[in-house]
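*Asks:*
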Amino acid sequence: MLEELGSGSFGTVYKAIEKATGEIVAVKHIDLESTDEDLQEVQAEISLLSTCASPFVTQYKASFLRGYKLWIVMEYLGGGSCQDLLKPGVFSEAHIAIVCQQILLGLQYLHQEGKLHRDIKAANILLAQSGKVKLADFGVAAQLVNIRSLRNTFVGTPFWMAPEVIQQSGYDFKADIWSLGITAMELIHGEPPNAGKHPMKVLMEIPKMPAPRLEGSQYSKDFKDFVAKCLVKDADQRPSAKELLKHKFIRNAGRTEALQELILRRQEWEAGLEKKEALKYYAETLRNVRLPIQGGEEDDAWVFDTVKALPTLHHTQKRRKLTTTEIGDEVKAGNYKGETMKEMKRTQHPQPSTMKRLSSPLLPPSSSSSVNRTSTKKRISSGQQKQPLSVNMSFGNSPSTIRQFRRVSPAAIENDDYPKDKDSVATPSSSSLSPSKVRNTAQSTASSLSIAGSENVSLPLPPARHTSRMHSQSNGSTPDTSMTKNTVTTSSPPQPPSITASRSTSPVPVPLGLAHYLRIHAINPSIQEIFTRTTTATSGDSNKQAVLSRLMEAFSELESVDPEALLQVFSGIVRRVGRDERLRDLLENETGRTSPQKVSASGAGAGAKLVLAQNNPHLKSHHRRRQSAIVTKGREGKVTRGENEEEKEEKERGNDLEQMKDLRPGREEESENGNTKGMEHVTLLGDVLFERWCEGLRARWSGNSGVV
Amino acid sequence: MAFLFGANRRQKQPTDIARSIKDLLRRLWNEPPSPKVDEELGRQMAQMKLIVQGTPEVECSPEQVQQLVQCIIQEDILFDLARSIRKLPFEARKDAQIIFAHILRWKPANGRSSEPAISYLVSKRPEIIVELCRGYEYPESALPCGTILRQAIMQDSITAIILYDESKPGERAVQISEVDVRRQESCQGLFWNFFNWINKGSFEVSADAFNTFRDILTRHKTMVAQYLSTNFEEFFSRYNTLLIQSDSYVTKRQSIKLLGEILLDRANYNVMTAYVDRGAHLKLCMNLLKDDRKMVQYEGFHVFKVFVANPNKSTAVQRILINNRDRLLKFLPKFLEDRTDDDQFTDEKSFLVRQIELLPAEPADSRPQAVGGVGVGAVA
Numbered sequence: 116m117l118e119e120l121g122s123g124s125f126g127t128v129y130k131a132i133e134k135a136t137g138e139i140v141a142v143k144h145i146d147l148e149s150t151d152e153d154l155q156e157v158q159a160e161i162s163l164l165s166t167c168a169s170p171f172v173t174q175y176k177a178s179f180l181r182g183y184k185l186w187i188v189m190e191y192l193g194g195g196s197c198q199d200l201l202k203p204g205v206f207s208e209a210h211i212a213i214v215c216q217q218i219l220l221g222l223q224y225l226h227q228e229g230k231l232h233r234d235i236k237a238a239n240i241l242l243a244q245s246g247k248v249k250l251a252d253f254g255v256a257a258q259l260v261n262i263r264s265l266r267n268t269f270v271g272t273p274f275w276m277a278p279e280v281i282q283q284s285g286y287d288f289k290a291d292i293w294s295l296g297i298t299a300m301e302l303i304h305g306e307p308p309n310a311g312k313h314p315m316k317v318l319m320e321i322p323k324m325p326a327p328r329l330e331g332s333q334y335s336k337d338f339k340d341f342v343a344k345c346l347v348k349d350a351d352q353r354p355s356a357k358e359l360l361k362h363k364f365i366r367n368a369g370r371t372e373a374l375q376e377l378i379l380r381r382q383e384w385e386a387g388l389e390k391k392e393a394l395k396y397y398a399e400t401l402r403n404v405r406l407p408i409q410g411g412e413e414d415d416a417w418v419f420d421t422v423k424a425l426p427t428l429h430h431t432q433k434r435r436k437l438t439t440t441e442i443g444d445e446v447k448a449g450n451y452k453g454e455t456m457k458e459m460k461r462t463q464h465p466q467p468s469t470m471k472r473l474s475s476p477l478l479p480p481s482s483s484s485s486v487n488r489t490s491t492k493k494r495i496s497s498g499q500q501k502q503p504l505s506v507n508m509s510f511g512n513s514p515s516t517i518r519q520f521r522r523v524s525p526a527a528i529e530n531d532d533y534p535k536d537k538d539s540v541a542t543p544s545s546s547s548l549s550p551s552k553v554r555n556t557a558q559s560t561a562s563s564l565s566i567a568g569s570e571n572v573s574l575p576l577p578p579a580r581h582t583s584r585m586h587s588q589s590n591g592s593t594p595d596t597s598m599t600k601n602t603v604t605t606s607s608p609p610q611p612p613s614i615t616a617s618r619s620t621s622p623v624p625v626p627l628g629l630a631h632y633l634r635i636h637a638i639n640p641s642i643q644e645i646f647t648r649t650t651t652a653t654s655g656d657s658n659k660q661a662v663l664s665r666l667m668e669a670f671s672e673l674e675s676v677d678p679e680a681l682l683q684v685f686s687g688i689v690r691r692v693g694r695d696e697r698l699r700d701l702l703e704n705e706t707g708r709t710s711p712q713k714v715s716a717s718g719a720g721a722g723a724k725l726v727l728a729q730n731n732p733h734l735k736s737h738h739r740r741r742q743s744a745i746v747t748k749g750r751e752g753k754v755t756r757g758e759n760e761e762e763k764e765e766k767e768r769g770n771d772l773e774q775m776k777d778l779r780p781g782r783e784e785e786s787e788n789g790n791t792k793g794m795e796h797v798t799l800l801g802d803v804l805f806e807r808w809c810e811g812l813r814a815r816w817s818g819n820s821g822v823v
Numbered sequence: 187m188a189f190l191f192g193a194n195r196r197q198k199q200p201t202d203i204a205r206s207i208k209d210l211l212r213r214l215w216n217e218p219p220s221p222k223v224d225e226e227l228g229r230q231m232a233q234m235k236l237i238v239q240g241t242p243e244v245e246c247s248p249e250q251v252q253q254l255v256q257c258i259i260q261e262d263i264l265f266d267l268a269r270s271i272r273k274l275p276f277e278a279r280k281d282a283q284i285i286f287a288h289i290l291r292w293k294p295a296n297g298r299s300s301e302p303a304i305s306y307l308v309s310k311r312p313e314i315i316v317e318l319c320r321g322y323e324y325p326e327s328a329l330p331c332g333t334i335l336r337q338a339i340m341q342d343s344i345t346a347i348i349l350y351d352e353s354k355p356g357e358r359a360v361q362i363s364e365v366d367v368r369r370q371e372s373c374q375g376l377f378w379n380f381f382n383w384i385n386k387g388s389f390e391v392s393a394d395a396f397n398t399f400r401d402i403l404t405r406h407k408t409m410v411a412q413y414l415s416t417n418f419e420e421f422f423s424r425y426n427t428l429l430i431q432s433d434s435y436v437t438k439r440q441s442i443k444l445l446g447e448i449l450l451d452r453a454n455y456n457v458m459t460a461y462v463d464r465g466a467h468l469k470l471c472m473n474l475l476k477d478d479r480k481m482v483q484y485e486g487f488h489v490f491k492v493f494v495a496n497p498n499k500s501t502a503v504q505r506i507l508i509n510n511r512d513r514l515l516k517f518l519p520k521f522l523e524d525r526t527d528d529d530q531f532t533d534e535k536s537f538l539v540r541q542i543e544l545l546p547a548e549p550a551d552s553r554p555q556a557v558g559g560v561g562v563g564a565v566a
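For the protein sequence lines, the chains are E and S, in the order given.
In the numbering used here, each residue's number is its place in the first sequence (first place is 1) plus 115.
In the numbering used here, each residue's number is its place in the second sequence (first place is 1) plus 186.
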């Protein structure tokens, strides 16, 4: 396994070297556990691929099972997808002619075989280093039993879908030709027609509106005619792949070697970008890493929600739930490296590829708005991905491949307004709603803060609570509902007070994205978890729910008004928790332990009895243990080091870097004092390790990029 | 079709193609393999495919297909083809699959009853089906053979051949007119090989074999219900050990799902009652609920619910449930609780909780005296 390449309709793709032959291959990992639908879907893709042998189609090599992951080994194409190649700029007509010619040859082969690709678009056209063009991603392809039979299934990607597919009136090979026409326009314009519109709207429009046309004197007549021929709305009048191969535009196409220019262009472009971005990235790291770690779930957020997120949205829910169980295996398998690598890459190139995989929450909005999509939209989709309750809202918000619609539970629809609340954060329209509300809640509960503190009822730290869920899930044990219910009442109040408390303390600016990240990944899930639980477990304490959703609204509101304050709130909470005597005792007990196994075992035991389980140390140490495992893996490639030294090393480094932390803006001195040591120690450790790990990856990655 | 029978190659009749294919198929087995044979065979197969399938532009001609089918049946070409699939070149394998598909489906234009190829298969050459199943032995032939089989299985007579054939390689295969459905199988026959094919080999082969296996068991319900009742013991002992406890995640998950489907099928009522009578089966199933993979848990639930919902639980099953009542009542409410969007699941779960709450303190013999409803095999 070398590195992450991208994600297809089913899973993530890695570059790898086949040991036996030394050949470079692409390996697609499909997480079978997260495909709720029949495994037959996956099987269909494999059997389709395995019966393809054409120079114009990515060659399937083998597939095998590793636990619940299916690995599909395929030919590696070093040139990247046409979508990647579009990043530095649009293609010239000459290049498009070659690409289209090659696609047509591929389609001719497929159609001859009675296969429909059904998802032709730039992202699914791959180039070999040599410039050879191949069709890829047969995730929704179909095999016709009878060469003349029609299909009805509604699949594809909205912008590229032929009218007859959308109307579901039966379609055949000609649907691929339409998509090719759209792809040609995508290559010349950089995006498909109507890309600015909502996909759902586009779906409605394609059958009604006249077919898009290429216009303008800058394009040649032949090219315009070719596009027009592909985009004939009546499928019967649309030419076949074979006929189009005789089209003048195609006949005059050059040799595929010419496409190497595109590959080179992208490499140069990337090299330039890398330099710039790397610098910027470095400056940001210091501040950046802190909060995710406090959140105690950056594993979750980093590796699985963004990287592994399926473009097919109806799967995202399942994904989210499974993340925790996957982490362990991932780390063991050593795949972690690859995945995070991609994350790094992504942070550095927030370009259209990001769009496809839904946006990364870590990106500051400012850097991600380079695509035609507004940052607002992106934030919505990234947020929704985390929402257990939002089901169909996000449909079509990414230009992803649609498979089928899924039955939506009435309960989920009922709760649909809930995620909407959150969405409204991004839209300024609702921003006048509730500053007062925040204050109100704050005041009404201000007293409960001190009470809560002195009684040593957990001052629950939402991120940590989230971890607790993760923890219990990954152990396969059952989370204690009653325990969580207790915290419902106690957990929500203490947070707003600290808003007021800490808002005044720190005027230091914090990156906007960070606050957003915090909210999306730490606060919302935690609140939502309780929210769902109230809905499902008890038959709905509507009052409680209302309060909860108000609370969440308040956080969103706060974020949009004053992101720093939001961060302050949480650093405040963390600090207070650290200062509490009994809590601290617990923390120190935990840090005294060295064996990870022991920690987790005892931790699990304690979790069942202690009310403090939510924000408590054993989760932290569990988290830390994972963290260290990751670091070990991450480092193996570069620095060789005995694994048993890890623990010690962590501690040393934690102390070393206490000073570094002082330099960090937005942090209070007190959090460093002896009292809070247990807590801070842990946070710091994670922090430092994380940073080192980032550095390692960065070094590795830049090394690799030369090879690619 | 003009290009097919164009200038230099004087029009070749379908019968000519069929005969030359037959000849080539024989030569295919000669040692050492000859690339020339491969090449020529590939060409001829492609031609034959065009005859049965036509092209997107040109319809195939019914007369030609008729000629071809008759000739193929007369010359017994399908048998040679079936056993040679793994020796064919890559493209020819797919052609073989398409040719099979069309020929099996083909009916004469005058619309008289059944497909000639099927009746030929069933009465004269069941060995062809046997050969196709044995295609699973080889990675090269597994997928094309599987595809052909799944199409053929749509005919109940073909399914019967697979279920009841006990011939050894080289022997004559079963004649379904001679099958006694009440007699227990030796469990060495063709069908039982599927357990092995599913459990070994690559992912593709095993998954494809499972698909065929599933089709065999679900397509013709009454026939299969009879078969399962008769061979209850052996079938489920293999099913439980080889499939449900398979090391392969995919096999495991799919077989639990299939088990649920089989048990919940009305036609399999007798099989179901016999199955849920066993304490051992319940234990197996309860372990699935605790599996470390969620989807396995989920599929396991759909089997588990049958045990609990059964109004006439056996003493053994009652005892297990009662002994675990507290645990179950604690476990179930939290079982896969993040499946919030699955209403049916949530409903069923709360139903099960109620049922378990209502269990008596001691196992009671609530069932009627006569056990007539239970499957023949289970009683025996």
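Using N, Cα and C, we set each Cβ at its ideal position, and we do this for glycine too.
Should the stretch 174-188 of chain E be called in touch with the stretch 460-473 of chain S, which here means at least 3 C-beta pairs below 8 angstroms?
*Replies:* They do not touch, by the three-pair rule.
*Asks:* So that I know if they touch, is there some Cβ in chain E lying closer than 8 angstroms to that of residue 490 of chain S?
*Replies:* Reading the second sequence from its first residue, position 304 is the one you call residue 490 of chain S. Closer than 8 angstroms: no.
*Asks:* How far does the alpha helix (DSSP H) with residue 154 of chain E in it extend, from its first residue to its last?
*Replies:* To locate residue 154 of chain E, count along the first sequence from 1; it is residue 39. Note, residue 154 of chain E: premise wrong, no alpha helix (DSSP H); not H, not E.
*Asks:* Can you find at least 3 beta carbon pairs, one from the stretch 297-311 of chain E and one from the stretch 269-283 of chain E, that sit closer than 8 angstroms?
*Replies:* Touching, yes, given that three or more Cβ pairs across the two stretches are closer than 8 angstroms.
*Asks:* Reducing DSSP to helix, strand and coil, say where residue 274 of chain S ends up.
*Replies:* In the second sequence, residue 274 of chain S corresponds to position 88, counting from 1. It is coil, neither helix nor strand.
*Asks:* Would you kindly work out how many angstroms separate the C-alpha atoms of residue 256 of chain S and residue 266 of chain S, rounded to a whole number?
*Replies:* Residue numbering aside, residue 256 of chain S sits at position 70 when the second sequence is read from its first letter. Residue numbering aside, residue 266 of chain S sits at position 80 when the second sequence is read from its first letter. Their Cα atoms are separated by approximately 16 angstroms.
*Asks:* According to DSSP, what are the bridge partners of residue 144 of chain E?
*Replies:* Residue 144 of chain E sits at position 29 when you count from the first residue of the first sequence. Partner(s): E:127 and E:186.
*Asks:* For residue 301 of chain E, which residues of its own chain have a beta-carbon under 6 angstroms away from its beta-carbon, when the five flanking residues on both sides are left out?
*Replies:* Taking the first residue of the first sequence as position 1, residue 301 of chain E is located at position 186. Hits under 6 angstroms: 237 and 307.
*Asks:* Could you tell me which uninterrupted alpha helix (DSSP H) segments, each at least 4 residues in length, are contained entirely in the stretch 312-366 of chain S, listed from first to last along the chain?
*Replies:* With a minimum length of 4 residues, the continuous alpha helix (DSSP H) runs that stay inside the stretch 312-366 of chain S are 312-320, 325-338 and 342-350.
*Asks:* Which stretch, first to last residue, makes up the beta strand (DSSP E) that contains residue 248 of chain E?
*Replies:* Looking up residue 248 of chain E in the first sequence gives position 133. Note, residue 248 of chain E: beta strand (DSSP E), 248-250.
*Asks:* Below 8 angstroms on C-beta distance, what does residue 329 of chain S contact in chain E?
*Replies:* Sequence index remark: in the second sequence, residue 329 of chain S carries index 143 (1-based). What residue 329 of chain S touches in chain E: 162, 165 and 166.
*Asks:* State yes or no: is the C-beta of residue 449 of chain S within less than 8 angstroms of the C-beta of residue 385 of chain S?
*Replies:* Taking the second sequence and counting its residues from 1, one reaches residue 449 of chain S at position 263. Taking the second sequence and counting its residues from 1, one reaches residue 385 of chain S at position 199. It is not a contact, given that the beta carbons lie outside the stated cut-off.
*Asks:* Where does residue 377 of chain S sit, in a helix, a strand or coil, going by DSSP?
*Replies:* In the second sequence, counting from the first residue as 1, residue 377 of chain S sits at position 191. Residue state, collapsed to three classes: coil.
*Asks:* Going by DSSP in three states, residue 266 of chain E sits in which element: helix, strand or coil?
*Replies:* Position 151 of the first sequence, counted from the start, is the residue given in the question as residue 266 of chain E. Strand, per DSSP.
*Asks:* The alpha helix (DSSP H) that contains residue 224 of chain E, what's its start and end?
*Replies:* Residue 224 of chain E sits at position 109 when you count from the first residue of the first sequence. Residues 208-227.
*Asks:* So which residues on chain E does residue 504 of chain S lean against when the C-beta distance must stay under 9 angstroms?
*Replies:* Position 318 of the second sequence, counted from the first residue, corresponds to residue 504 of chain S. Those within 9 angstroms of residue 504 of chain S in chain E number zero; the least Cβ separation is about 25 angstroms.
*Asks:* What residues match up with residue 231 of chain E in a beta bridge as DSSP calls it?
*Replies:* Translated into positions along the first sequence, residue 231 of chain E becomes position 116. BP columns for residue 231 of chain E point to E:257.
*Asks:* Pick helix, strand or coil for residue 502 of chain S, following the three-state DSSP scheme.
*Replies:* The sequence position of residue 502 of chain S within the second sequence is 316, counting from 1. In this structure, residue 502 of chain S counts as helix in the three-state DSSP scheme.
*Asks:* Using a C-beta to C-beta distance shorter than 9 angstroms, which residues of chain S count as neighbours of residue 155 of chain E?
*Replies:* Taking the first residue of the first sequence as position 1, residue 155 of chain E is located at position 40. What residue 155 of chain E touches in chain S: 393, 397 and 440.
*Asks:* Just reading off the alpha helix (DSSP H) that residue 538 of chain S is part of, what are its end residues?
*Replies:* Working through the second sequence from its first residue, we reach residue 538 of chain S at position 352. Counting along the chain, the alpha helix (DSSP H) containing residue 538 of chain S begins and ends at 529-543.
*Asks:* Return the residue from the list S:307, S:420, S:278 and S:349 that minimises the CA-CA distance to residue 326 of chain S.
*Replies:* As a working note, residue 326 of chain S is residue 140 in the second sequence. The shortest C-alpha separation from residue 326 of chain S is found at S:278.
*Asks:* With the cut-off set at 8 angstroms, would you say residue 226 of chain E and residue 171 of chain E are in Cβ contact?
*Replies:* For the purposes of this step, residue 226 of chain E is taken as residue 111 along the first sequence, with counting starting at 1. For the purposes of this step, residue 171 of chain E is taken as residue 56 along the first sequence, with counting starting at 1. No, these two residues do not count as a Cβ contact at 8 angstroms.
*Asks:* Taking DSSP as the reference, what is the three-state secondary structure of residue 195 of chain E?
*Replies:* Residue numbering aside, residue 195 of chain E sits at position 80 when the first sequence is read from its first letter. It is a strand residue.
*Asks:* Which bits of chain E does residue 389 of chain S rub up against, with CB to CB less than 7 angstroms?
*Replies:* Position 203 of the second sequence, counted from the first residue, corresponds to residue 389 of chain S. Per Cβ cutoff of 7 angstroms: 178, 179, 180 and 185.
*Asks:* Under 7 angstroms between beta-carbons, which chain S residues line up against residue 148 of chain E? List them in chain order, please.
*Replies:* As a first step, residue 148 of chain E must be located in the first sequence, where it is residue number 33. Result: 479, 480 and 481.
*Asks:* Put residue 290 of chain E into one of helix, strand or coil per three-state DSSP.
*Replies:* Reading the first sequence from its first residue, position 175 is the one you call residue 290 of chain E. Correct three-state label for residue 290 of chain E: helix.
*Asks:* For residue 171 of chain E, which three-state DSSP category applies?
*Replies:* Within the first sequence, the letter at position 56 stands for residue 171 of chain E. It is coil, neither helix nor strand.
*Asks:* List the DSSP bridge partners of residue 341 of chain E.
*Replies:* Translated into positions along the first sequence, residue 341 of chain E becomes position 226. In the DSSP output, where bridge partners are listed per residue, residue 341 of chain E has none listed.
*Asks:* Taking beta-carbon pairs under 8 angstroms, can you tell me which members of the stretch 426-450 of chain S lie near chain E?
*Replies:* So the close ones are 434, 435, 436, 439 and 440.
*Asks:* Mind checking residue 414 of chain E: buried by the 16 CB within 10 Å criterion, or exposed?
*Replies:* Reading the first sequence from its first residue, position 299 is the one you call residue 414 of chain E. Any reading at residue 414 of chain E must be qualified, since the residue scores a pLDDT of 28, below 50, and its modelled position is unreliable; no value is offered.
*Asks:* Where does residue 181 of chain E sit, in a helix, a strand or coil, going by DSSP?
*Replies:* Position 66 of the first sequence, counted from the start, is the residue given in the question as residue 181 of chain E. Note: residue 181 of chain E maps to strand in three-state DSSP.
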